[in-house]
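To start, the structure under review is shown below, and the notes come after it.
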Amino acid sequence: MKLSTKGRYGLRALIDLALYSENEAVSIQSIADRQSISYSYLEQLVGKLRKAGLVSSVRGAQGGYMLAKPAEEISVGDVLRALEGNLEAVTCPGNQENSSCEGADLCVTRYVWQRINDSIKDAVDTIMLDQLVEESRKIRDKGQVSAQICEN
1 MKLSTKGRYG LRALIDLALY SENEAVSIQS IADRQSISYS YLEQLVGKLR
51 KAGLVSSVRG AQGGYMLAKP AEEISVGDVL RALEGNLEAV TCPGNQENSS
101 CEGADLCVTR YVWQRINDSI KDAVDTIMLD QLVEESRKIR DKGQVSAQIC
151 EN
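Numbered according to this note's numbering, the sequence shown spans residues 1 to 152.
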């Protein structure tokens, strides 16, 4: 499974938003500048995150975006699913409800695909945004290069 820039950039943007929107709304331009992400691309990503109920917009002169719910209630899985869709590495018809796969009962590899998919789900659904924000602060406090700007 390989995530696209939608998932990678969107997660970086949401961490940035969580870091900087504690007291006031944050503009897309400020996130784009800090993260070196195209404004127009980021605007599309924020639209998807808003539609998914992860961010909310604030109108007016001091407007911008904020998290729609506390960071400890937003998982990496929530963000990635909002931007990437299904996160399954392998879609196996034998593992679906009302399976139409005739060989599902005899298929050994079905077990492998389910274990891989379950592992991915477990990993992304147990890492919460507040944990990433805390890690980002630790790195920032150590005076290291910004944790937000990276190649991923």
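We treat Cβ as the ideally placed atom computed from N, Cα and C, and that holds for glycine.
Would you mind reading off the limits of the alpha helix (DSSP H) that contains VAL133?
129-141
Are the CB atoms of LYS138 and ALA82 within a distance shorter than 8 Å?
no
Assigned exposure category for ALA123 - 16 Cβ within 10 Å defines buried:
exposed
According to DSSP, which residues form a beta bridge with GLY64?
VAL58
May I ask which residues mark the beginning and end of the alpha helix (DSSP H) holding LEU3?
Taken as a continuous stretch (DSSP letters only), LEU3 belongs to no alpha helix (DSSP H), as it is neither H nor E.
Quick one: grab the DSSP three-state call for SER119.
helix
Quick check: is the beta carbon of GLU43 nearer than 8 Å to any beta carbon in chain B?
Given the protein chain composition of this structure (a single chain), no chain B is represented.
Let me know the secondary structure DSSP gives SER75 once reduced to three states.
strand
Less than 8 Å between the beta carbons of LEU67 and ALA18, yes or no?
yes
Residues in its own chain within less than 6 Å of ALA52 by CB, not counting five upstream and five downstream?
ALA82
In three-state terms, what does DSSP make of VAL46?
helix
As a quick exercise: from GLU43, SER30 and GLU22, pick the residue whose alpha carbon is nearest that of GLY10.
GLU43
How big is the Cα-Cα spacing for SER36 and ASN23?
23 Å
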